[in-house]
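One rule links them: number in the numbering used here = place in the sequence shown (from 1) + 2. Idealized CB from N, CA, C, for every residue including glycine. Worksheet: the structure to be examined is printed underneath.
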Amino acid sequence: MAETRLIQGRYRLLDVIGRGGMGEVWRARDESLGRQVAVKCLKPRGPAHDATFTRVLRERFRREARVAAGLQHRGVTVVHDFGESDGVLFLVMEFLEGRDLGRLLEDDGHRPLPVADVVEIADQVAAALAYTHRQGIVHRDLKPANIVRLTDGTVKICDFGIARLGHDIGFTSRLTGTGIAMGTPHYMSPEQIGGSEVDRRSDLYSLGCVLYEIATGAPPFDLDDAWAVLIGHRDTPPRPPREHRAELPGYLERIILDLLAKEPGQRPGDALEVGRRIAAGRTPSVYVPTVVSPRPQPRTPRPAVREPRLPSWTRGMTTGHKAAAAGLRPALPDAGAALTGEWIAPPVTDRPA
3 MAETRLIQGR YRLLDVIGRG GMGEVWRARD ESLGRQVAVK CLKPRGPAHD
53 ATFTRVLRER FRREARVAAG LQHRGVTVVH DFGESDGVLF LVMEFLEGRD
103 LGRLLEDDGH RPLPVADVVE IADQVAAALA YTHRQGIVHR DLKPANIVRL
153 TDGTVKICDF GIARLGHDIG FTSRLTGTGI AMGTPHYMSP EQIGGSEVDR
203 RSDLYSLGCV LYEIATGAPP FDLDDAWAVL IGHRDTPPRP PREHRAELPG
253 YLERIILDLL AKEPGQRPGD ALEVGRRIAA GRTPSVYVPT VVSPRPQPRT
303 PRPAVREPRL PSWTRGMTTG HKAAAAGLRP ALPDAGAALT GEWIAPPVTD
353 RPA
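This is the structure in structure tokens:
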């Protein structure tokens, strides 16, 4: 394939951008649509490899294509095409402009990511896992290398190569083998290590390992011996992340430690719960001061003020229009009487004709 550089007359391989246990990932050009894509090719096996193993590996690769192609979520890598060319299986995916979390740490000397980035990554991965788990899919190999942060900040989960469909246990058991642990030691759950049945809570444990590493700069059990790492996951409580990095928020440390619980039943119930806890921790608490109203002071009663009496001449007066009576001319009051308010108008007499 490397010699032809063209798959099915459509996908032109340009350069290798990644290698893993399943094969190689190439940057390629879709000649039909004129777009850049990523092509994952199953690494060819020589005659020295067991034929049964090669057959199972091919079956796993086909399964990855079927599982990944059915996932439609902004947090999961989009699969465009799948096929086989010259005996080599290939998977065509969207090309991701960004770096996986492992590369982010490596490029920065394994210094932890900024706290805000850790929280944002945790939130987006939890949302993607909530979606895939609703589809009945368990990733089973969640690790920094399988989580990519794009240049625009979007976070995507990649490589569902050993994913398990909850409703297809028999097929999966043939792929993984009964009692055979699959995954990456630094991020494997205790139940994976023991070869027990795994479910979505195993992915949550792996998420806890990833968050621990990007928050502190090292995985929870940072040992060179793979066996010691596995024993650590199974038997040893991890050091609290804030012992490595005191600036981490308390709620984030609590989430990580809960994800890393040895017993699946002690972890968060699902990824949705993780997302809710992250959202609650990110929301700043608003301080509302308690307002204490002062006790009312007793009021000294004021002495009653008597309304001033009106002069007697106002009795019987009403508001309204002025009366107009032709032929009537009231006599002018005596000035002294007016001052005392005791004036009473004299009777009116008819004028002489």
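Could you pull out every residue in the same chain whose Cβ sits closer than 7 Å to the Cβ of residue i, ignoring the five residues on either side in sequence?
| i | result |
| --- | --- |
| Pro242 | Glu255 and Leu259 |
| Tyr1 | No answer is possible for residue 1: the residues shown for the chain start at 3 and end at 355. |
| Gly210 | Ile258, Leu261 and Leu262 |
| Asp272 | Ala132, His135 and Arg202 |
| Arg247 | Pro114, Ala217 and Thr218 |
| Val231 | Pro187, His188, Phe223 and Leu225 |
| His75 | Ala130 and Tyr133 |
| Arg7 | Arg14 and Leu15 |
| Gly22 | none |
| Thr316 | Since pLDDT at Thr316 reaches only 43, below the 50 mark, its modelled position is unreliable, and the value read off the structure follows with that caveat. Result list for Thr316: empty, nothing under 7 Å. |
| Thr320 | Note that Thr320 has pLDDT 47, beneath the 50 cutoff, so the model's placement of it is unreliable and no number is given. |
| Gly104 | Pro146 and Ala147 |
Leaving aside the five residues before and after residue i along the sequence, list all residues of the same chain whose C-beta is less than 8 Å from its C-beta, in chain order.
| i | result |
| --- | --- |
| Asn148 | Asp102, His141, Ile159, Cys160 and Asp161 |
| Val200 | Val140, Arg142, Arg166, Ser191, Glu193 and Gln194 |
| Leu341 | Confidence in Leu341 is poor, its pLDDT being 45 and thus under 50, which makes the residue's placement unreliable; the coordinate value appears in the next sentence. For Leu341, where only same-chain residues beyond five positions count, there are no Cβ hits under 8 Å. |
| Arg12 | Asp32, Glu33 and Ser34 |
| Ala325 | Confidence is the limiting factor: at Ala325 the pLDDT is only 43, short of 50, which leaves the residue's position unreliable, though a coordinate-based value still follows. No residues qualify anywhere along the chain. |
| Arg244 | Leu250, Gly252 and Glu255 |
| Leu44 | Met24, Gly25, Leu59, Arg60, Phe63, Val90, Leu91 and Phe92 |
| Ala282 | Tyr253 |
| Ala355 | Residue placement at Ala355 is flagged as unreliable, the pLDDT there being 49, under the threshold of 50; a coordinate-derived value is accordingly withheld. |
Going by DSSP, name the residue or residues bridged to residue i.
| i | result |
| --- | --- |
| Ala30 | Leu15 and Val39 |
| Gly233 | Here residue 233 is Ile; the residue named in the question, Gly, does not match the sequence. In the DSSP output, where bridge partners are listed per residue, Ile233 has none listed. |
| Ile9 | Tyr13 |
| Leu44 | Gly25 |
| Val78 | Ile159 |
| Gly20 | Val27 |
Here's a check: name, in chain order, each residue in its chain whose Cβ is nearer than 6 Å to the Cβ of residue i, leaving out the five neighbours to either side.
| i | result |
| --- | --- |
| Val27 | Ile19, Gly20, Ala40 and Lys42 |
| Arg279 | Ile257 |
| Arg213 | As written in the sequence, residue 213 is Leu, which differs from the Arg given in the question. Same-chain partners within the cutoff: Ala124 and Ile258. |
| Gly100 | Val150, Arg151, Leu152 and Thr153 |
| Arg29 | Leu16, Asp17 and Ile19 |
| Val78 | Ala130 and Ile159 |
Along the alpha helix (DSSP H) that carries residue i, what are the first and last residues, could you check?
| i | result |
| --- | --- |
| Asp83 | Premise fails: Asp83 lies in the beta strand (DSSP E), Val81 to Ser87, not in any alpha helix (DSSP H). |
| Leu259 | Gly252 to Leu261 |
| Glu275 | Ala273 to Arg284 |
| Pro243 | Pro243 to His246 |
Which stretch, first to last residue, makes up the beta strand (DSSP E) that contains residue i?
| i | result |
| --- | --- |
| Leu73 | Per DSSP, Leu73 belongs to no beta strand (DSSP E) and is neither H nor E. |
| Gly100 | Gly100 to Asp102 |
| Glu96 | Val90 to Glu96 |
- Query: Hey, which unbroken runs of the alpha helix (DSSP H) at 4 residues or more fall wholly within the stretch 180-220?
  - Reply: Here the runs fully enclosed are 192-195 and 202-218.
- Message: Check whether the stretch 89-99 and the stretch 119-128 are in contact - that is, three or more C-beta pairs closer than 8 Å.
- Response: Verdict: no, contact absent.
- Message: With a threshold of 8 Å, are at least 3 pairs of Cβ atoms found where one atom belongs to the stretch 58-75 and the other to the stretch 109-120?
- Response: No: the two stretches stay apart, fewer than three of their Cβ pairs being nearer than 8 Å.
- Task: Counting only runs of 3+ residues fully inside the stretch 130-163, write out the beta strand (DSSP E) ranges in chain order.
- Result: Restricting attention to beta strand (DSSP E) runs no shorter than 3 residues, the stretch 130-163 encloses them at 149-152 and 157-159, ordered along the chain.
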